[in-house]
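Engineer: Sequential numbering from 5 applies to the sequence shown in our numbering.
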Amino acid sequence: MRLLENASRFAGNTFAVWVLLFAVLGFLYPEGFTWITSYITILLGIIMFGMGMTLSATDFKEVVKQPKSVAIGVAAQFIIMPLLAYGLAVVFQLPPEIAVGVILVGCCPGGTASNVMTYLAKGNTALSVAITAVSTLLAPLLTPSLVLLLASQWLPVSAGDLFLSIFQMVVIPITLGFIVKLVFREKVEQSVKALPLISVISIVAIVAAVVGASKDRIAETGLIIFSIVILHNLLGLLVGYWLAKVFRLKEPDQRAISIEVGMQNSGLGAALAAAHFNPIAAVPSAIFSVWHNLSGPILATIWSKKSTVSKPNKGSIKSKSA
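#1: Sort P283, P256, K72 and T147 by Cα distance to M85 and report the nearest one.
#2: With 16 other CB atoms within 10 Å as the buried threshold, where does F292 fall?
#3: Which runs of the alpha helix (DSSP H) spanning at least 4 residues fall entirely within the stretch 225-268, listed in chain order?
#4: So, helix, strand or coil for F19, using DSSP?
#5: Looking only at DSSP bridge pairs, what is G114 linked to?
#6: By the 10 Å Cβ neighbour count, where 16 or more other Cβ atoms means buried, how is N10 classified, buried or exposed?
#7: Does the stretch 122-138 come close enough to the stretch 74-90 that 3 or more CB-CB pairs lie under 8 Å?
#8: How close, in whole Å, do the beta carbons of A217 and G105 come, if the pair is a contact with beta carbons under 8 Å?
#9: By the DSSP assignment, the alpha helix (DSSP H) with V184 in it spans what residues?
#10: Measuring CB to CB, does S203 end up less than 8 Å from G54?
#11: Just to confirm the assignment: which complete alpha helix (DSSP H) runs, minimum length 4, are found wholly within the stretch 100-172?
#12: Taking buried to mean at least 16 other C-beta atoms within 10 Å of its own C-beta, is E101 buried or exposed?
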C-alpha cells in the first residue's frame, strides 16, 4: 500500500509533465490512443467517484461560515469564464466547433486541482474546496444553460442532453462516492491516498485520446487554440483576483477565488464536447488541461513566496484531478 501511495504522490506532483507528455504522444501516435475515446465518459465518472469519496460535511460548512466569499466565488466561476470564452470566440472569429469547445470549457465548474494550487499558493483552501463542491453540484443546471445561451449561435445545442450527461458523469458518481465513504469510512480513508494516481491516469488518457482523434485539425488550428486557451486562463485568474479584491475579501480568499475561476474541470469539458459535438470541440479542454497545470503551479509558487497578513491554508487537501 505504501508503494501505491508513493506512486500516487509522485504522479500528483508531476501531473503537468504527464499531461504534456501524453498530449504530445497522442499527437505523434494517434492510433495508440484514439480507442480511448469510447471510454472518456467512464474515465470522467471514475474521477468524479473519487471526488465524492474525498468530500465531507466539513467542506460544506464553509458555505455557512463564509457565505459571501463562497457566493462570490461560485458566481464568478459561472459568469467570468463563460463571458471571457464568448468574447474570445467573437473577437478571434473562431470556427464553430472550436468556438463551442472554448465556451464549453468556460462554462464548466472548477476542478479539484484548483484546491491543490490554492493550498500551495497559501490561499484559503477550505474556501476553494467549498466553491469547487458547490459549483460542481450546480453544474448540471448552469453549464447546459450557459452553453445554450452563449454557443447556440455557432452550433445546435441541446441543453437537455447536456444536463443528462452531466448528471450521469458528475452527480451520480459523486453521490455514489460519498455514500461509499459513509458506509466504508475506514477502508476509504486508507485507500483515498491512491486517488491522485487514478485521477492522473484518467485525465492523461482523456487528453491523449482527444488530441489523437483531432490530430489533423490540431495541425491546422493548434496555434490559435493554444493562444486562446492561454488568454482564457490568464484573464480568468486576473479578473477573478480583481473581483475578489473589489469585494474587499482577504488576501487568502482573493487567491482562492482567482485560482477557482481560472482553473476549470477540463475533463468534464472534454467529455461533453466529445459526446455532443465534433471531436475538435474537445481540443480546447484538452489543451486547457495541459496549460492550467503549468500556469497554476507557477502562480502558486509566486504567491507562496509572499507573506500574508491573514492565516492561509485553512482546510486540507484530499486529491488532485483536473
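Every residue, glycine too, gets a C-beta built ideally from N, C-alpha and C.
All figures in this text were calculated on a predicted structure; none of them were measured in a lab.
Structural biologist: To lay it out plainly:
#1: T147
#2: buried
#3: 255-266
#4: helix
#5: Answer by DSSP bridge pairing, in chain order: Q268.
#6: exposed
#7: yes
#8: No, A217 and G105 are not in contact; Cβ-Cβ is about 13 Å, not under 8 Å.
#9: In the DSSP annotation of this structure, the continuous segment of the alpha helix (DSSP H) that includes V184 starts and ends at I176 to V187.
#10: yes
#11: 100-110, 117-124, 129-155 and 163-170
#12: Of the residues assessed, E101 falls on the buried side of the cut-off, its CB having 16 or more other CB atoms within 10 angstroms.
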